[in-house]
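Enquirer:
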Amino acid sequence: MTPKTILFPLRIEQPVAELEAAVDFCRNNGAHLSVLLIGLAPPPPVATDTVVISDNWAAQSEAAKQELHERGSEIEQHLAKAGISAEIKRWLMMEHSIEAGTAEHALFADVTFLSRTFPQERGFARQVVSGVVFGAGRPIIVADPAQFGTLSWGTILIGWDNEKPAARAVAEALPLLAAADNVHILCVDPDAVPQRDGEAPGWDLATYLARHGVQTTVHTQPSGGHPVATVLADFAEDLGADGLVMGAYGHSRLRQRLLGGTTRSLIETGKLPILMAH
């Protein structure tokens with residue numbers, strides 16, 4: 050994968066140093082970096098029948114706009130010195146609009162880089178992922194900031210469940226897979242259907258990838274009652290994997306948000322870069 054436009058959501062309180070690896074990637078690959086700088090607007094007053102409440106809210110809003118402008122100018126100066134094609138998109142959002150706002154901008158990016166340092170309180174990071182994969186239908190890579198310097202993953206693990214999101218993630222990751230030294234497919238608690246899975250779970254995917262010149266090793270493993278996210282993470286660590294490819298939100302989004310789920314767990318606690326799509 051050699052994306053030419055990268056979207057990088059950044060909350061206003063995150064340090065500019067978190068962009069460094071992404072800047073290096075863009076410099077080395079001739080890519081454009083679009084930083085979506087997100088500030089939170091103060092919630093509108095519940096009551097507007099007093100001048101004091103209205104004045105306070107107006108003052109807070111103006112202060113938030115000014116902070117966003119100044120922070121954006123600081124990042125612009127930093128990127129100008131980096132010598133890459135880049136832009137800053139300032140966005141003052143309400144808490145509930147992060148998903149829609151991110152989706153609007155992700156439409157025009159090949160991939161979104163989301164740092165695991167992006168604030169997770171009140172589901173902010175999950176809103177970004179949902180906006181990219183559902184609202185824009187684009188892939189996202191979640192990783193630590195320093196891991197964005199390269200997408201040359203020597204060993205890749207595919208979390209495969211024979212569902213559409215996983216198939217979409219594999220399709221988006223094909224250039225990465227083709228360039229990798231080792232590609233492994235892991236099916237956790239597979240429910241094999243011969244007409245769908247071929248000889249065994251994961252084999253149809255292996256055959257498909259082989260036609261693209263990607264040789265794979267297929268594994269099946271019971272969860273043993275452990276969360277799928279834990280099984281994937283442990284297996285990837287045992288392999289010494291450099292990256293994980295998987296579908297995002299394999300079950301209903303409502304269920305994922307209520308119960309957590311594999312996507313949420315790997316976003317918040319994973320250690321490897323993860324490419325996800327839906």
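The numbering used here applies: residue 50 is where the sequence shown begins, and numbers increase by one.
For every residue, glycine included, the Cβ atom is placed at its ideal position computed from N, Cα and C.
Which residue spans inside the stretch 129-185 form an unbroken alpha helix (DSSP H) run of at least 4?
Expert: 147-155, 173-179
Enquirer: Within its chain, find whatever has a CB closer than 7 Å to the CB of residue 199; leave out the 5 residues flanking it on each side and keep chain order.
Expert: Translated into the one-based positions of the sequence shown, residue 199 becomes position 150. Contacts found: 74.
Enquirer: Using the C-alpha atoms, what's the distance from residue 86 back to residue 55?
Expert: Taking the sequence shown and counting its residues from 1, the one referred to as residue 55 is at position 6. Taking the sequence shown and counting its residues from 1, the one referred to as residue 86 is at position 37. Each residue's alpha carbon lies about 14 Å from the other.
Enquirer: When we look at the beta-carbon of residue 285 and count the other beta-carbons within 10 Å, is it buried (16 or more) or exposed?
Expert: Here residue 285 refers to the residue found at position 236 when the sequence shown is read from its first residue. So residue 285 counts as buried.
Enquirer: Which of helix, strand or coil does DSSP assign to residue 83?
Expert: By one-based count along the sequence shown, residue 83 stands at place 34. DSSP, reduced to helix, strand and coil, places residue 83 within a strand of the structure shown.
Enquirer: Looking only at DSSP bridge pairs, what is residue 192 linked to?
Expert: On the sequence shown, residue 192 is found 143 positions in, with the first residue counted as 1. In the DSSP output, where bridge partners are listed per residue, residue 192 has 164.
Enquirer: Starting from residue 211 and walking both ways along the beta strand (DSSP E), at which residues does that stretch end?
Expert: Counted from its first residue, the sequence shown places residue 211 at position 162. That residue, residue 211, is in no beta strand (DSSP E); it is neither H nor E in DSSP.
Enquirer: Under 8 Å, do residue 327 and residue 194 count as touching if we go by C-beta distance?
Expert: The residue you call residue 327 lines up with position 278 of the sequence shown. The residue you call residue 194 lines up with position 145 of the sequence shown. No, these two residues do not count as a Cβ contact at 8 Å.
Enquirer: How is residue 199 classed by DSSP in three states: helix, strand or coil?
Expert: Residue mapping note: residue 199 aligns to position 150 of the sequence shown, counting from 1. Reduced to three states, the DSSP call for residue 199 is coil.
Enquirer: Which stretch, first to last residue, makes up the beta strand (DSSP E) that contains residue 55?
Expert: Numbered from 1 along the sequence shown, position 6 holds the residue referred to as residue 55. Residues 54-60.
Enquirer: By a C-beta neighbour count over all protein chains shown, 10 Å radius and 16 as the cutoff for buried, is residue 51 buried or exposed?
Expert: Here residue 51 refers to the residue found at position 2 when the sequence shown is read from its first residue. By the 10 Å Cβ count, residue 51 comes out exposed.
Enquirer: By DSSP's criteria, residue 323 is part of a beta bridge. Which residues make up the other side?
Expert: The residue you call residue 323 lines up with position 274 of the sequence shown. In DSSP, residue 323 forms a bridge with 191, 293.
Enquirer: So, is residue 143 buried or exposed, given that buried needs 16 or more other C-beta atoms within 10 angstroms?
Expert: The sequence position of residue 143 within the sequence shown is 94, counting from 1. That one is exposed.
Enquirer: In whole angstroms, what is the alpha-carbon distance linking residue 155 and residue 280?
Expert: Locating residue 155 in the sequence shown gives position 106, where the first residue counts as 1. Locating residue 280 in the sequence shown gives position 231, where the first residue counts as 1. Approximately 30 Å, taken between the alpha carbons.
Enquirer: What residue range is occupied by the uninterrupted alpha helix (DSSP H) comprising residue 68?
Expert: On the sequence shown, residue 68 is found 19 positions in, with the first residue counted as 1. It is not in any alpha helix (DSSP H) - residue 68 carries neither H nor E in the DSSP assignment.
Enquirer: Roughly how many whole angstroms lie between the Cα atoms of residue 324 and residue 132?
Expert: The sequence position of residue 324 within the sequence shown is 275, counting from 1. The sequence position of residue 132 within the sequence shown is 83, counting from 1. In this structure, the alpha-carbon of residue 324 lies about 27 Å from that of residue 132.
Enquirer: Does DSSP put residue 262 in a helix, in a strand, or in coil?
Expert: Position 213 of the sequence shown, counted from the start, is the residue given in the question as residue 262. DSSP places residue 262 in coil when its eight states are reduced to three.
Enquirer: Pop quiz: residue 202 and residue 225 are said to be a contact at Cβ under 8 Å. What is the actual Cβ separation, rounded to whole angstroms?
Expert: For this step, residue 202 is matched to residue 153 along the sequence shown. For this step, residue 225 is matched to residue 176 along the sequence shown. That belief holds up - the Cβ atoms of residue 202 and residue 225 are roughly 6 Å apart, short of 8 Å.
Enquirer: Identify whether residue 204 lies in helix, strand or coil by the three-state DSSP scheme.
Expert: As a working mapping, residue 204 is identified with position 155 in the sequence shown. Here DSSP, grouped into helix, strand and coil, assigns residue 204 to strand.
Enquirer: Taking the continuous alpha helix (DSSP H) assigned at residue 224, which residues delimit it?
Expert: Indexing the sequence shown from 1 puts residue 224 at position 175. Unbroken alpha helix (DSSP H) run through residue 224: 223-228.
Enquirer: Going by DSSP, what residues sit across from residue 269 in a beta bridge?
Expert: Locating residue 269 in the sequence shown gives position 220, counting from the first residue. Answer by DSSP bridge pairing, in chain order: 236.
Enquirer: Taking C-alpha atoms, which residue in 297, 77, 108 lies nearest to residue 91?
Expert: The sequence position of residue 91 within the sequence shown is 42, counting from 1. That would be 108, whose Cα lies nearest to the Cα of residue 91.
Enquirer: Can the beta-carbon of residue 88 be found less than 8 Å from the beta-carbon of residue 204?
Expert: Here residue 88 is taken as the residue at index 39 of the sequence shown, counted from 1. Here residue 204 is taken as the residue at index 155 of the sequence shown, counted from 1. In this structure, residue 204 does not lie closer than 8 Å to residue 88 by Cβ.
Enquirer: If we count the other Cβ atoms within 10 Å of its Cβ and call it buried at 16 or more, is residue 318 buried or exposed?
Expert: Position 269 of the sequence shown, counted from the first residue, corresponds to residue 318. Exposed, by the Cβ-count rule.
Enquirer: Check residue 310 in the structure and name its three-state DSSP category.
Expert: Mapped onto the sequence shown, residue 310 falls at position 261. The answer is helix: DSSP assigns residue 310 an H, G or I state.
Enquirer: For a test of the three-state rule: what should DSSP assign to residue 121, helix, strand or coil?
Expert: Here residue 121 corresponds to residue number 72 of the sequence shown, with the count starting at 1. It is helical.
Enquirer: Give the DSSP bridge partners of residue 88, in chain order.
Expert: Along the sequence shown, one-based indexing puts residue 88 at 39. In the DSSP output, where bridge partners are listed per residue, residue 88 has 141.
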